[in-house]
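Colleague: Numbering (the working numbering), first residue to last: 1 to 242. Even for Gly, the Cβ is constructed at its ideal location relative to N, Cα and C. Dumping the structure here so I can ask a few things about it.
Okay, here's the thing in structure tokens:
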């Protein structure tokens with residue numbers, strides 16, 4: 001992608017207005033009721049799949065919601081950049097590492113902003129007494145199927161931001177691969193009932209939209225990538241020349 005980003009106040013305003021309308025649609029009627037119905041509908045569907053599914057089905061989602069799977073999937077998301085860099089050749093390694101570094105910073109900022117939103121929401125497994133709890137069913141390891149602060153979905157914030165950087169900086173195939181991986185990263189928490197669907201479709205989209213807008217519609221991304229590329233070039237030269 002062309003990385004000559006400059007200030008684009010018009011695009012910033014449009015994105016922020018659209019994101020604000022999205023958030024307001026979740027906060028207030030008449031559209032809030034629609035979001036809540038969608039949330040409950042998704043939860044009932046996924047909860048019934050766990051109740052009626054066999055042990056293999058339940059074990060699969062229990063493993064997918066283990067904390068080590070989060071780390072593994074994070075590495076898989078980053079591997080999109082690594083594979084792209086390997087195919088591009090050694091002369092582009094520093095640039096790819098710079099983009100990864102800036103994307104990681106953006107994702108961290110996104111999670112911090114998400115924690116600052118003054119919205120407290122319990123997960124579906126804590127709201128409904130008849131919910132199936134993977135954490136009570138599985139034995140031998142811990143799995144995450146509840147939260148007392150679900151909005152916005154932190155997995156969605158991280159995954160969508162990384163996917164946004166992939167779409168903007170990498171070739172189309174790598175970009176869309178990261179989008180698919182980001183969605184897969186979010187699904188386990190939704191199936192287990194640890195997050196509501198709107199935690200991702202509204203909360204995560206709201207936060208990551210703001211972050212990506214400020215990185216891409218201002219010189220911020222361009223400046224940071226250039227700075228990190230210089231650092232990585234120096235480090236790689238030191239390593240490769242030894």
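Assuming the contact rule is C-beta atoms closer than 8 Å, residue 208 and residue 74 should be a hit. Round their C-beta distance to whole Å, please.
Modeller: The Cβ separation is near 15 Å, so there is no contact.
Colleague: On the criterion of 16 or more Cβ atoms from any shown chain inside 10 Å, does residue 155 qualify as buried, or is it exposed?
Modeller: By the neighbour-count rule (16 or more Cβ atoms within 10 Å), residue 155 is buried.
Colleague: What is the DSSP secondary structure of residue 17, reduced to helix, strand or coil?
Modeller: Helix, per DSSP.
Colleague: Which residues bound the alpha helix (DSSP H) around residue 179?
Modeller: Segment 172-192, the alpha helix (DSSP H) holding residue 179.
Colleague: Note down the Cα distance separating residue 176 from residue 186, rounded to an integer number of angstroms.
Modeller: In a straight line, the C-alpha of residue 176 is about 16 Å away from that of residue 186.
Colleague: Of all the alpha helix (DSSP H) runs that stay within the bounds of the stretch 201-231, which reach a length of 4 or more residues?
Modeller: The stretch 201-231 contains these whole alpha helix (DSSP H) runs: 205-216.
Colleague: Please report the Cβ distance between residue 126 and residue 149, rounded to the nearest whole angstrom; I am assuming they are in contact, meaning their Cβ atoms lie under 8 Å.
Modeller: So it is not a contact: roughly 11 Å between Cβ atoms.
Colleague: Where does residue 115 fall in DSSP's three states?
Modeller: Three-state result, residue 115: helix.
Colleague: Quick one: complete alpha helix (DSSP H) runs, 4+ long, within the stretch 44-117?
Modeller: Listed in chain order, the complete alpha helix (DSSP H) runs (minimum 4 residues) inside the stretch 44-117 are 55-64, 67-88 and 93-116.
Colleague: Kindly list the residues whose CB is nearer than 8 Å to the CB of residue 42, restricted to its own chain and excluding five residues on each side of it in sequence; keep chain order.
Modeller: The answer, listed in chain order, is 190, 196 and 197.
Colleague: Can you have a look at residue 225 and say buried or exposed, based on whether 16 or more other CB atoms are within 10 angstroms of its CB?
Modeller: When all chains shown are included, residue 225 counts as buried.
Colleague: Give me the Cα-Cα distance between residue 71 and residue 64, rounded to the nearest whole angstrom.
Modeller: Cα to Cα, residue 71 sits roughly 11 Å from residue 64.
Colleague: From this set, 24, 34 and 180, which residue's C-alpha is nearest residue 119's C-alpha?
Modeller: If we check each option's Cα against that of residue 119, 24 comes out closest.
Colleague: Here's the rule I'm using: 16 or more other beta-carbon atoms within 10 Å means buried, otherwise exposed. How should residue 54 be labelled?
Modeller: With fewer than 16 Cβ atoms within 10 Å of its Cβ, residue 54 is classed as exposed.
Colleague: Tell me which residues share the same chain as residue 204 and place their Cβ nearer than 7 Å to its Cβ, disregarding the 5 neighbours each side in the sequence.
Modeller: Closer than 7 Å at the Cβ level, and outside the excluded window around residue 204, lie 152, 153, 156, 157 and 160.
Colleague: Give the single residue among 10, 20, 193 and 232 whose Cα lies nearest to the Cα of residue 202.
Modeller: Nearest C-alpha to residue 202: 20.
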